[in-house]
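Structure, as structure tokens:
Residue numbers (our numbering): 658 to 1319.
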């Protein structure tokens, strides 16, 4: 990265500060949504209520290096937390494989050369503002090559503070992704050198989202099932200081929270799995598939609950895997999380679909989607103003390739890499990317080779937000005749343009998988091509499984840029987890970074920008890096504060004590 990008700063016009802050004071305050009873149609679906108490806060030390990687499964064992049961979508019997064809040109993957010049570049130049690795977990002594556990990286960004999770650890950066400290999720609540006593322990799946409108870092953690239960834990940090100090309030959810009564102790129970997390203006949402709990971790899995859609034999005895029984979507008031209190939320149990995917970019209505078949989607919506979920819109689209039962879905995707491994071996057609922006709802998912497609690829389908109808030309593919694609993530920026990350590579027993970032905006006519390469793998996995999901978020407070995740492999044992901050050259942060502070910001939205300043000097100070300027509006803050980093004060209130530290 060149000198001009080493210190990323934002410039501001000081003359505008009093005017903008006055506007904030006079009325730029979000009003909470009032839930109203309203009439609904016969097929509309009332949600149910649940109540959860807050626990903590828990505070623990950060580690200097990643925790030791968990032991891999032994031959013959079924590690449930590492093998999502296959999702089986109904096949439309009228579809002919020969009719499945691309609807757009092949996708171009472009290598980004290292930029060594400080000269200005064109506004539309794809630019990496940061491209770093978070580190790898060391393997247990004597452990072989990792043979099954996925990586599943996720990220949240609050100014200079980055919170990044993988399937084995969490990491924290206080300098915009340049260096990292680490958290062991298996021992953090509390961090006392004793594995947390939650069911059968930490399960691997984690998902992160920073709620910039309320200053919350939300961390969803999945625990392994025991004989009759498992837990989803929502950990919440309410400030940058909390993240940097590893301080969290936690809220626990089990199947019983949602009325999924488990069988007696010692029998098979219900397993919550495959998390998703997103927000609207006033609510946090998460989803979970729920499955029958396998009765044994050794040998062929058996199930005591019947599986739907004929996926397994009656009673699921000795089946090859059980499909999801259904899905839960839960809605949580953000105001309670800000206050650190327990809450009553709402949830909906969808017994007809699995792997619901929430849209990023929602405001007063949350949308999500699920497959009815390989030619039809169900699009749901949940307005903030009601507890009623309207009946979904069932919308037809062009067919995509789907393995026909009883052929197992897992293993039907084939992208052969060097050495004969298959990095798409664990893919299926669950939706992985979803967004709503500029009047469009969109979804992305992996599709197997077949029809006119030589290799696995990604389907992209877009709908009108107003009536959920398929847009003209609204279906396309990220594909190539020589490169496979999968695991796409997406998030809209403040303009409503799209950015994301995606895995690619491996066709015809050549090459290794890599990870790429992409942007769809006004510079490329909103097409997801070309893809800009983040890194190339120099090794591959022993058994080929590459992952289950990536993540992309807005890089707050630079709302037209993105933070994304992915990984490469330096050897079959060494994982290179990537954190990337990317965007267009026009949105590059300025060389001068100003952090704004004002007592008069009562919006609940604080990111240190001119329009949404922090309302305490302490918060402003925590947001700075060496050389930053803190602009403090005139007021009496009553908070003695020593600035421990060499920062420059542009303005200060009429009273209050602030000193410059050494």
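For glycine and all other residues, C-beta sits at the position ideal for the given N, C-alpha and C.
Q | Assigned secondary structure, residue 778 (DSSP; H/G/I helix, E/B strand, else coil) | A | Position 121 of the chain shown, counting from 1, holds the residue named residue 778. Of the three classes helix, strand and coil, the one that applies to residue 778 here is coil, per DSSP.
Q.
Does residue 914 come out as helix, strand or coil in the three-state DSSP assignment?
A. Sequence index remark: in the chain shown, residue 914 carries index 257 (1-based). In this structure, residue 914 counts as helix in the three-state DSSP scheme.
Q.
What would DSSP say about residue 833, mapped onto helix, strand or coil?
A. For the purposes of this step, residue 833 is identified with residue 176 of the chain shown, where counting begins at 1. The answer is coil: DSSP assigns residue 833 none of H, G, I, E or B.
Q: Indicate whether residue 1159 and residue 1093 have their beta-carbon atoms separated by less than 8 Å.
A: Locating residue 1159 in the chain shown gives position 502, where the first residue counts as 1. Locating residue 1093 in the chain shown gives position 436, where the first residue counts as 1. Contact: no.
(Q) Can you look up residue 975 in the DSSP assignment and give me helix, strand or coil? (A) Working through the chain shown from its first residue, we reach residue 975 at position 318. Any answer about residue 975 is weak, because its pLDDT of 39 lies below 50 and its placement is not dependable; what the coordinates show is given next. Coil.
Q.
For the alpha helix (DSSP H) containing residue 937, name the first residue and the last one.
A. By one-based count along the chain shown, residue 937 stands at place 280. Residue 937 -> no alpha helix (DSSP H), and no H or E assigned at all.
Q. Where does residue 1116 sit, in a helix, a strand or coil, going by DSSP?
A. Reading the chain shown from its first residue, position 459 is the one you call residue 1116. Correct three-state label for residue 1116: strand.
Q.
Looking at residue 1110: is its Cβ nearer than 8 Å to the Cβ of residue 759?
A. By one-based count along the chain shown, residue 1110 stands at place 453. By one-based count along the chain shown, residue 759 stands at place 102. Yes, Cβ-Cβ distance for residue 1110 and residue 759 is below 8 Å.
(Q) Cutting at 6 Å between CB atoms, please list the residues of its own chain near residue 1220, excluding the five before and the five after it. (A) On the chain shown, residue 1220 is found 563 positions in, with the first residue counted as 1. So the list reads 812, 814, 1210, 1212, 1238, once near-sequence residues are dropped.
Q | For residue 1017 and residue 695, the rounded distance between their alpha carbons | A | As a working mapping, residue 695 is identified with position 38 in the chain shown. As a working mapping, residue 1017 is identified with position 360 in the chain shown. Low local confidence applies: a pLDDT of 38 at residue 695 is under 50, so the model's placement there is unreliable, with the coordinate-based value given in what follows. For residue 695 and residue 1017, the distance between alpha carbons rounds to 26 Å.
(Q) Between the segment 893–911 and the segment 713–725, can you find at least three pairs of beta-carbon atoms closer than 8 Å? (A) yes
Q. What is the DSSP secondary structure of residue 1263, reduced to helix, strand or coil?
A. On the chain shown, position 606 is the one that residue 1263 refers to. Correct three-state label for residue 1263: coil.
Q | Given residue 916 as reference, the closest of 1009, 1003, 996 once Cα atoms are compared | A | Along the chain shown, read from residue 1 onward, the residue named residue 916 stands at position 259. For the residues 1009, 1003, 996, the minimum Cα distance to residue 916 belongs to 1003.
(Q) Restricting to Cα atoms, I'd like to know which of 834, 1165, 1274, 1241 is closest to residue 1255. (A) If you number the chain shown from 1, residue 1255 lands on position 598. Answer by Cα proximity: 1274.
Q | Host beta strand (DSSP E) of residue 987 (start-end) | A | In the chain shown, residue 987 corresponds to position 330, counting from 1. From DSSP, the beta strand (DSSP E) with residue 987 extends over 983–990.
**Q.** Segment limits, alpha helix (DSSP H) that includes residue 1276
**A.** Residue mapping note: residue 1276 aligns to position 619 of the chain shown, counting from 1. Residues 1274–1280.
Q. CA-CA distance, residue 865 and residue 1258?
A. For the purposes of this step, residue 865 is identified with residue 208 of the chain shown, where counting begins at 1. For the purposes of this step, residue 1258 is identified with residue 601 of the chain shown, where counting begins at 1. C-alpha separation (whole angstroms): 26 Å.
Q: Use the C-beta contact count for residue 1141: other C-beta atoms within 10 angstroms, 16 or more gives buried, fewer gives exposed.
A: As a position in the chain shown, residue 1141 is number 484, starting the count at 1. Residue 1141 is buried by the Cβ-count criterion.
Q: For residue 1208, I'd like the list of residues in its chain whose CB is within less than 6 Å of its CB, leaving aside the five on either flank, ordered along the chain.
A: Stepping through the chain shown from its first residue, residue 1208 is reached at position 551. Cβ neighbours of residue 1208 beyond the five flanking positions: 811, 812, 1146, 1222.
Q: Would you mind working out which of 782, 795, 700 sits nearest residue 725, comparing C-alpha positions?
A: One-based indexing of the chain shown puts residue 725 at position 68. Out of 782, 795, 700, 795 has the C-alpha closest to the C-alpha of residue 725.
**Q.** Min CB distance residue 1288 to chain C below 8 Å
**A.** Chain labels in this structure do not include chain C; a single protein chain is all it has.
Q: With a 10 Å radius around its C-beta and 16 neighbouring C-beta atoms as the bar for buried, classify residue 868 as buried or exposed.
A: Reading the chain shown from its first residue, position 211 is the one you call residue 868. By the neighbour-count rule (16 or more Cβ atoms within 10 Å), residue 868 is buried.
Q.
Rounded to whole angstroms, what is the Cα-Cα separation between residue 858 and residue 909?
A. Position 201 of the chain shown holds residue 858. Position 252 of the chain shown holds residue 909. Near 14 Å, if we compare the C-alpha coordinates of residue 909 and residue 858.
Q.
Using only CA atoms, which one of 1177, 1226, 1164 lies nearest to residue 1203?
A. Position 546 of the chain shown, counted from the start, is the residue given in the question as residue 1203. Of the candidates 1177, 1226, 1164, the one whose C-alpha sits nearest the C-alpha of residue 1203 is 1226.
(Q) For residue 1090, which residues in the same chain have their Cβ closer than 6 Å to its Cβ, ignoring the five residues on either side in sequence? (A) Here residue 1090 is taken as the residue at index 433 of the chain shown, counted from 1. Excluding five sequence positions before and after residue 1090, the CB atoms of its chain that fall closer than 6 Å to its own CB belong to 1101, 1145, 1146, 1147, given in chain order.
Q: Report the three-state DSSP secondary structure of residue 890 (helix, strand or coil).
A: Sequence index remark: in the chain shown, residue 890 carries index 233 (1-based). It is a strand residue.
**Q.** Cross-strand partners of residue 1102 (DSSP beta bridge)
**A.** Numbered from its first residue, the chain shown carries residue 1102 at position 445. In DSSP, residue 1102 forms a bridge with 1088, 1116.
Q) Roughly how many angstroms separate the alpha carbons of residue 1165 and residue 1015, rounded to a whole number? A) The residue given as residue 1165 occupies position 508 in the chain shown. The residue given as residue 1015 occupies position 358 in the chain shown. Cα to Cα, residue 1165 sits roughly 35 Å from residue 1015.
Q: Quick one: using the 10 Å Cβ neighbour count with 16 as the cut-off for buried, is residue 825 buried or exposed?
A: Taking the chain shown and counting its residues from 1, the one referred to as residue 825 is at position 168. When all chains shown are included, residue 825 counts as buried.
Q. Between the C-alpha atoms of residue 792 and residue 1127, what's the straight-line distance to the nearest angstrom?
A. Residue mapping note: residue 792 aligns to position 135 of the chain shown, counting from 1. Residue mapping note: residue 1127 aligns to position 470 of the chain shown, counting from 1. Using only the alpha carbons, I get a separation of about 42 Å.
**Q.** Coarse secondary structure for residue 1046, derived from DSSP in three states
**A.** As a working note, residue 1046 is residue 389 in the chain shown. The answer is strand: DSSP assigns residue 1046 an E or B state.
Q. Residue 1189 bridges to which residues according to DSSP?
A. Locating residue 1189 in the chain shown gives position 532, counting from the first residue. Residue 1189 pairs with 767, 1174.
Q) CB-CB under 8 Å to residue 722, same chain, minus the five flanking residues each way: which ones, in chain order? A) Taking the chain shown and counting its residues from 1, one reaches residue 722 at position 65. Hits under 8 Å: 792, 795, 839.
Q) Is the CB-CB distance between residue 626 and residue 1135 below 8 Å? A) Look at the range of the chain in this structure, 658 to 1319, and you will see that residue 626 is not part of it.
Q. Around the C-beta of residue 863, are 16 or more other C-beta atoms found within 10 angstroms, so that it is buried, or is it exposed?
A. Taking the chain shown and counting its residues from 1, the one referred to as residue 863 is at position 206. That one is buried.
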